[in-house]
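Okay, so the sequence shown: first residue is 60 according to my numbering, each after it adds one.
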Amino acid sequence: MSEQKPQTVPTTGHVWDGDLQEYNNPLPVWWVYTFYATVIFALVYWTIYPSWPFGKGWIGGVSKIAYVNSEGEAKTHSWNTRALLLADLNKAAIAQKPYFDKVEAMSYEQIAKDPEMSGFILSAGKSLFADNCAPCHQAGGQGMLGFFPNLTDDDWLYGGSYEKVHETLMSGRRGYMPAFSEVLNGGQIDQLANYVASLSGIGHDSAKAAAGDALFHGDAAGCYVCHGSGAKGRQELGAPNLTDNIWLWANVPAAGSPEGKIAAIRGVIASGLNKGVMPAWSARLTPEQIKVLTVYVHELGGGQ
60 MSEQKPQTVP TTGHVWDGDL QEYNNPLPVW WVYTFYATVI FALVYWTIYP
110 SWPFGKGWIG GVSKIAYVNS EGEAKTHSWN TRALLLADLN KAAIAQKPYF
160 DKVEAMSYEQ IAKDPEMSGF ILSAGKSLFA DNCAPCHQAG GQGMLGFFPN
210 LTDDDWLYGG SYEKVHETLM SGRRGYMPAF SEVLNGGQID QLANYVASLS
260 GIGHDSAKAA AGDALFHGDA AGCYVCHGSG AKGRQELGAP NLTDNIWLWA
310 NVPAAGSPEG KIAAIRGVIA SGLNKGVMPA WSARLTPEQI KVLTVYVHEL
360 GGGQ
């Protein structure tokens, strides 16, 4: 049996129950100095940056951040993350300004052919699109059937030229189609639905489609006024092409049978549409930003 070495650690002199002693083990010197350093750091930090709430303000806040707010006013504020973000946005705007100046001075065709500007459009346009357009048109521009148009398929309701895309962004759009249940009976609406289905090669009742053809081109329904005599649509009205099997409002792709597809078309004809609304962005974005977005959206659809 090994001998127990005598205890060399000093005690405080406190003894309980005769042999229970309180040892005196001081903290390591490095730990004590580290603790003192953190206390000093905290005091310095409280002085430089806003810390404890005090009245209507806070203790500290010697460090200041200068920035320009969204109204163009120069501001100086005690350090906080919001002021820091605004200052960073100011720096980014300054760095981007030469490119936006070039955008303003160049034509759409020149921008599309310039490799350097094309890279800027891709970067800045993607950011602008994500902040302003993606909530409706989705991150990739694919849209949402029944609500928002697909911007990647080169099928444009109002035209896909640079000028038309710019016009759409500046002024917004408001699509409308009357509810034909107010002027046609159920049988006539079914005939029209069969005719529209036939235009895209969907299985249909030939007799009903023939009657629907007469309604489409006649005064009873008068669909040709908006969609054209060949049902190719009219971009000046935002009336879609009914012959290309591309659908925005009628959820035809989700239907598994010809009858289901015709039912989807019939629902749109009967109820009409009054939800194709896009806001005007001229009040929110600068002319240069709208020009960047114009080129970006134009290229999403492959141009026109």
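Yeah, the Cβ is synthetic: ideal placement off N, Cα and C, and Gly gets one too.
Predicted, not measured: the structure shown is a model, and the values here were computed from it.
Quick one: what's got a C-beta closer than 6 Å to S265's C-beta in the same chain, skipping five residues either side?
none
Roughly how many angstroms lie between the CA atoms of G315 and G326, to the nearest whole one?
16 Å
For P69, which option in I99, T97 and P85 has the closest C-alpha, if you only look at C-alpha atoms?
P85
Kindly indicate which residue of A133, A252, E168 and A183 has the alpha-carbon position closest to the one of A151.
A183
Member of Q294, Y254, A279 and A270 whose CA lies at the smallest distance from the CA of E318
Y254
Test item: CB-CB of L301 and A309 under 7 Å
no
If you check the beta carbons only, do Y126 and A101 fall under 7 Å apart?
no
Neighbour-count burial assignment, W306, 16 or more Cβ in a 10 Å radius
buried
Can you tell me whether DSSP reads E132 as helix, strand or coil?
coil
Do G335 and A238 come within 7 Å of each other at the CB atom, strictly closer than that value?
no
What do you get for C195, buried or exposed, if any count of 16 or more other CB atoms within 10 angstroms of its CB means buried?
exposed
Let's test the definition: count the other Cβ atoms within 10 Å of the Cβ of Y104 and tell me whether it reaches 16, buried, or not, exposed.
exposed
From the DSSP output, in three-state form, read off S137 for me.
strand
Just reading off the alpha helix (DSSP H) that W90 is part of, what are its end residues?
V88 to I107
Return the residue from the list A269, E347, D249 and S341 that minimises the CA-CA distance to A322.
D249
Rounded to whole angstroms, what's the CA-CA distance from Q169 to G260? Just pull it up for me.
41 Å
Taking the alpha-carbon of L145 as reference, which of K134, D278 and A329 has the nearest alpha-carbon?
K134
Give the DSSP bridge partners of R343, in chain order.
In the DSSP output, where bridge partners are listed per residue, R343 has none listed.
Best match in G116, W75, L187 and V121 for proximity to R343 [C-alpha to C-alpha]
L187
Rounded C-beta distance between G360 and D147? I'm assuming under 8 Å.
G360 to D147, Cβ: 33 Å. No contact.
Compute the beta-carbon to beta-carbon distance between K185 and Y355, rounded to the nearest angstrom, for a pair I have assumed lies under 8 Å.
7 Å
Quick one: what's got a C-beta closer than 7 Å to A329's C-beta in the same chain, skipping five residues either side?
A238, F239, S240 and I248
Based on Cα-Cα distance, which residue from N304, L251 and D303 lies nearest to C282?
L251
According to the Cβ coordinates, are A256 and I153 closer than 7 Å?
no
Which residues mark the beginning and the end of the beta strand (DSSP E) in which M337 is found?
L332 to M337
Are the CB atoms of S230 and A339 within a distance shorter than 7 Å?
yes
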